[in-house]
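In mature numbering (1 follows the signal peptide of the UniProt record, and there is no 0), the protein residues as written are -28 to -1, 1 to 121.
Note that beta-carbon positions come from the ideal geometry of N, C-alpha and C, so glycine has one too.
One structure is given here, and the rest of the page talks about it.
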């Protein structure tokens, strides 16, 4: 006698096992007390796309900050980020969607802009590029170039 597994049943059983496993709390096995375990900080990130400004503002699609900080928009100078801040928005730590940064009306179609993240070092909620720290994970600048359409 031969038995054949029903593919639908096998797939359903596999999915049920996966979701049961995924719903279980994670447990780490270590020989160190919990207070000495290493903590890993999620790195800052941002996503910005080419766009038409909405009035005098640029939309940043997504920002994650591990600390309170800023998303700042800079002008472009010969294909690189200039030192000229066009605008910034202060953000609390965490995830943010559709962040609006006011840049003024002097941004012409075809202009390139750079969005960069900063940590608010002094807690004053006012970006100072000399005091506040640009977030540079793994030595690479955390910035995103976008074009104004």
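Looking only at its chain, what residues have a beta carbon closer than 7 angstroms to the beta carbon of residue 94, apart from the 5 residues adjacent to it on each side? Here the set comprises 103.
According to DSSP, is residue 79 helix, strand or coil? Taken through DSSP and simplified to helix, strand or coil, residue 79 comes out as coil.
Residue from 116, 121, 120 whose Cα sits closest to the Cα of residue 19: Minimum Cα distance to residue 19 is reached at 116.
Count the other CB atoms, across all protein chains shown, that sit within 10 Å of the CB of residue 21; report buried if there are 16 or more and exposed otherwise. With a 10 Å radius around the Cβ and a threshold of 16 neighbouring Cβ atoms, residue 21 comes out exposed.
Where the beta strand (DSSP E) containing residue 51 begins and where it ends: Here residue 51 belongs to no beta strand (DSSP E), and DSSP marks it neither H nor E.
Less than 9 angstroms separating the beta-carbons of residue 85 and residue 55? In this structure, residue 55 does not lie closer than 9 angstroms to residue 85 by Cβ.
Under the three-state DSSP convention, the category residue 88 falls into: If DSSP states are grouped into helix, strand and coil, residue 88 belongs with the strands.
Taking the CB atoms as reference points, tell me whether residue 89 and residue 41 lie closer together than 9 angstroms. Cβ distance < 9 angstroms, so residue 89 and residue 41 count as in contact.
Quick check: the Cα distance between residue 80 and residue 39, rounded to an integer number of angstroms? Each residue's Cα considered, the two are about 33 angstroms apart.
Would you grab the beta carbon distance between residue 29 and residue 74 for me? Rounded to a whole angstrom, and I think it's under 8 angstroms. By a beta-carbon distance limit of 8 angstroms, residue 29 contacts residue 74. Their separation comes to about 5 angstroms.
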